[in-house]
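Throughout the sequence shown, residue numbering follows UniProt numbering, covering 1 to 461 in sequence. Glycine included, C-beta positions come from ideal geometry on N, C-alpha and C. All figures in this text were calculated on a predicted structure; none of them were measured in a lab.
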Amino acid sequence: MAQHDTHPQSQSQSSDARCCGVVQEATSKSLDRRNKRREKPQPWIVLKMTIGFALGIIAYASYVYIGRFCVPMLKSKGGSLGGRQVGVPFLVIFCILLIMMLWAYALVVLTSPGYARDYVERSPPPQVALRPVPRWWDSSSDLEGGQYEYTSNSTHANGGAQTNGSSTLQSLPVPHEKPIQQQQQDDNSGVADAIRPVQVARAHAETDDNGALPPSSDDGARGLPMMFTRKLPMTPIMRPEYRYCNKDGFVKPLRAHHCRACGTCILKYDHHCPWIGQCVGARNHKFFVNFLQWAGVFCMWTFATLVAGVVQESRNGNLDPQYIVIIALAGLFILFTVSLLFTHVRLILLNQSTVESLNMQRMKEREKSVLARHYAWYQFGAKRQLRKQWDREWGDIDTEANLWWLGNTRENWVSVMGHNVWQWFLPIGSSPSDGRHWLPNPRFDSEGKPRPRSLWPVALQ
Ligand SMILES: [Zn+2]
Ligand SMILES: [Zn+2]
1 MAQHDTHPQS
11 QSQSSDARCC
21 GVVQEATSKS
31 LDRRNKRREK
41 PQPWIVLKMT
51 IGFALGIIAY
61 ASYVYIGRFC
71 VPMLKSKGGS
81 LGGRQVGVPF
91 LVIFCILLIM
101 MLWAYALVVL
111 TSPGYARDYV
121 ERSPPPQVAL
131 RPVPRWWDSS
141 SDLEGGQYEY
151 TSNSTHANGG
161 AQTNGSSTLQ
171 SLPVPHEKPI
181 QQQQQDDNSG
191 VADAIRPVQV
201 ARAHAETDDN
211 GALPPSSDDG
221 ARGLPMMFTR
231 KLPMTPIMRP
241 EYRYCNKDGF
251 VKPLRAHHCR
261 ACGTCILKYD
271 HHCPWIGQCV
281 GARNHKFFVN
291 FLQWAGVFCM
301 WTFATLVAGV
311 VQESRNGNLD
321 PQYIVIIALA
331 GLFILFTVSL
341 LFTHVRLILL
351 NQSTVESLNM
361 QRMKEREKSV
371 LARHYAWYQF
381 GAKRQLRKQW
391 DREWGDIDTE
401 ANLWWLGNTR
411 ENWVSVMGHN
421 VWQWFLPIGS
431 SPSDGRHWLP
441 NPRFDSEGKP
451 RPRSLWPVAL
461 Q
């Protein structure tokens, strides 16, 4: 009887298990398929399709502006704003802005961003035991000795100022073997994590008063009742084993990253821009900025003059609805181009790519959340003081703690936009940098890890 009772149950359990197994298998297969699809570069036609779309919008805007707005004025047939004396300058200015924008667009579309594969030989993965990159959640090693990374950094201090991207392939002293791919994934997450979590720091402070306070040459450091420090990413990115691209099979040049859409590594990868059908990288970043400048001015001119035309026409009672479409499009693209232009001017002045700036941003957000948890919201002074303290110890995040900071904003600007002032506004010339060799900040060690101010070259302290 008992057997009879349990039999259907066990049968249903086993069928449940089979069912779950099938579902799990199907789910994992579909995830695999999706991942494989994502890994595939986009077909050429898909990449370039948006260029046709963008040119279509420009052609339509030109038709409405010239054919339906300027020509009636030139014919003096009761045009919206006036006669020939208004129509001619409007048409000339529009055509000049249109030519400038198309010129810059052609250059940003046709100039290759710089492909790493054209310069780097394929090679097997460097046979080196990867060193663990300290991460805040990987707390045991961090807490046991009560040591901060820069204590061990001091062993690299000698190599500080003479950094070059070509570290030799040698076995490293710390045995820690991990598949390279997994390690690289860890790197990406490690980059974002600048400082240890509050709980860990607090627990540590309770057991060891000195441990959590960073040793510092600055007397002010110990005057603060603080148990947190700035924790900058410690990935030794100058080492070749940390720059190996598994998909391309070579060691990427510094600042190069793999673009999934293009399916290859791009020199000084900034971002993949669908509007230009390719990446923005070392070679076309300058033209991208030129394009944003002219597209912004073009949209503003079109927007402002058509709005004036609409105001006038609505008084006369014969409003052309196509003006409204173009005004809406122009307004949208003004927001888009102007915000992007400001972002990129700032990035160039700081010598950061979009990818690099995201890491900086994450670091700042993490610090903000640590401060918010430790201080009440109104303790602005205390928070500011602690930030200043961190800046004194490690340097400002965007500048001194930026591996590619060249010392001042003008140097950074010129390194992308060129020495000639005309090049800053016209789509001519090219960036002085070759996209492969970058001068690292001497405040960092030879492996590209940040050092505290006390270990910087004396002239920079
Ligand atoms: Zn790659
Ligand atoms: Zn791309």
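(request) Assign HIS272 to buried or exposed, taking buried as 16 or more other Cβ atoms, counted over all protein chains shown, within 10 Å of its Cβ. (result) Buried is the label assigned to HIS272, since at least 16 other Cβ atoms lie within 10 Å of its Cβ.
(message) Excluding the 5 residues flanking GLY395 on each side, which residues of the same chain have their C-beta closer than 7 Å to its C-beta?
(response) These residues qualify, in order along the chain: ALA401, ARG443 and ARG453.
(message) Please report the straight-line C-alpha distance between ARG117 and ILE348, rounded to a whole angstrom.
(response) Here the C-alpha atom of ARG117 lies approximately 25 Å from the C-alpha atom of ILE348.
(message) With three or more C-beta pairs closer than 8 Å as the rule, is the stretch 338-353 touching the stretch 364-384?
(response) No, the stretch 364-384 is not in contact with the stretch 338-353.
(message) Tell me which residue opens and which closes the beta strand (DSSP E) that CYS262 is part of.
(response) Under the DSSP assignment, CYS262 falls outside any beta strand (DSSP E); it carries neither an H nor an E label.
(request) Pull up the distance between the alpha-carbon of GLN184 and that of ILE237, whole angstroms please. (result) Unreliable placement is indicated for GLN184, whose pLDDT of 39 sits below 50; the coordinate value is still reported in the next sentence. Rounded to the nearest angstrom, the two C-alpha atoms are 11 Å apart.
(request) For ARG68, collect the residues of the same chain with a Cβ closer than 8 Å to its Cβ; drop the 5 residues on either side in sequence, then sort them by chain order. (result) Excluding sequence neighbours, ARG68 sits near ASP320, GLN322 and TYR323.
(message) Between ILE45 and ligand 2, is there a pair consisting of the residue's CB and a ligand heavy atom that are separated by less than 8 Å?
(response) Annotation for ILE45 indicates a beta carbon at 8 Å or more from all heavy atoms of ligand 2.
(request) Could you spell out the range, first to last residue, of the beta strand (DSSP E) harbouring GLN352? (result) For GLN352, no beta strand (DSSP E) run applies, since DSSP gives it neither H nor E.
(request) Could you spell out the range, first to last residue, of the beta strand (DSSP E) harbouring GLN278? (result) Run containing GLN278: 278-280, per the beta strand (DSSP E) assignment.
(request) Please report the residue range of the beta strand (DSSP E) in which HIS271 lies. (result) 271-273 is the extent of the beta strand (DSSP E) around HIS271.
(message) Could you tell me the alpha carbon to alpha carbon distance between GLY87 and LEU332, rounded to whole angstroms?
(response) CA-to-CA, the gap between GLY87 and LEU332 works out to about 25 Å.
(message) Any heavy atom of ligand 1 closer than 8 Å to the beta-carbon of HIS258?
(response) In this structure, ligand 1 has a non-hydrogen atom nearer than 8 Å to the beta-carbon of HIS258.
(request) May I have the straight-line CA-CA distance separating TRP413 from LEU91, to the nearest angstrom? (result) TRP413 and LEU91: Cα-Cα distance of roughly 34 Å.
(request) Rounded to whole angstroms, what's the CA-CA distance from GLY296 to PHE303? Just pull it up for me. (result) Using only the alpha carbons, I get a separation of about 10 Å.
(request) Rounded to whole angstroms, what's the CA-CA distance from PRO250 to ARG122? Just pull it up for me. (result) It is worth fixing the name first, because residue 250 is Phe in this sequence and not Pro. Here the alpha carbon of PHE250 sits roughly 5 Å from the alpha carbon of ARG122.
(request) Alpha carbon to alpha carbon, how far is PRO89 from TYR105? Give it in angstroms, no decimals. (result) Distance between the alpha carbons of TYR105 and PRO89: 24 Å.
(request) Give every residue of the same chain whose Cβ lies closer than 7 Å to the Cβ of SER76, excluding the five residues on either side of it in the sequence, and list them in chain order. (result) Cβ within range, chain order: GLY83 and ARG84.
(request) Classify ALA459 as buried or exposed, calling it buried when 16 or more other Cβ atoms lie within 10 Å of its own Cβ. (result) Flag for ALA459 reads exposed.
(request) Count the other C-beta atoms from every protein chain shown that fall within 10 angstroms of the C-beta of ARG384, then say buried if there are 16 or more, exposed otherwise. (result) In this structure ARG384 is exposed. Its beta-carbon is surrounded by fewer than 16 other beta-carbon atoms within 10 angstroms.
(message) Going by DSSP in three states, ILE428 sits in which element: helix, strand or coil?
(response) The answer is coil: DSSP assigns ILE428 none of H, G, I, E or B.
(request) Could you pull the start and end residues of the alpha helix (DSSP H) that ARG84 belongs to? (result) Residues 84-110.
(message) If I follow the unbroken alpha helix (DSSP H) through PHE444, where does it start and stop?
(response) Annotation: PHE444 is outside any alpha helix (DSSP H) and is labelled neither H nor E by DSSP.
(message) If you reduce the DSSP assignment to three classes, tell me which class VAL338 lands in.
(response) Three-state result, VAL338: helix.
(message) I'd like to confirm something about CYS299: is its beta-carbon nearer than 8 Å to some heavy atom of ligand 1, or not?
(response) Taken from the Cβ of CYS299, every heavy atom of ligand 1 lies 8 Å or farther away.
(request) Note down, in chain order, each residue of its chain lying with its Cβ closer than 7 Å to the Cβ of ALA308, except the 5 sequence neighbours on either side. (result) Residues LEU81 of the same chain have their beta carbon placed closer than 7 Å to that of ALA308, with the five preceding and five following residues left out of the count.
(message) For PRO233 and THR50, which I take to be in contact (beta-carbon distance under 8 Å), what is that distance rounded to the nearest angstrom?
(response) By a beta-carbon distance limit of 8 Å, PRO233 does not contact THR50. Their separation comes to about 34 Å.
(message) Looking at the strands, I want to know which residues DSSP matches up with CYS245.
(response) BP columns for CYS245 point to PHE250.
(message) Considering only the alpha carbon of each residue, which of ARG230, LEU426 and ALA256 lies closest to TYR242?
(response) Closest by alpha carbon: ALA256.
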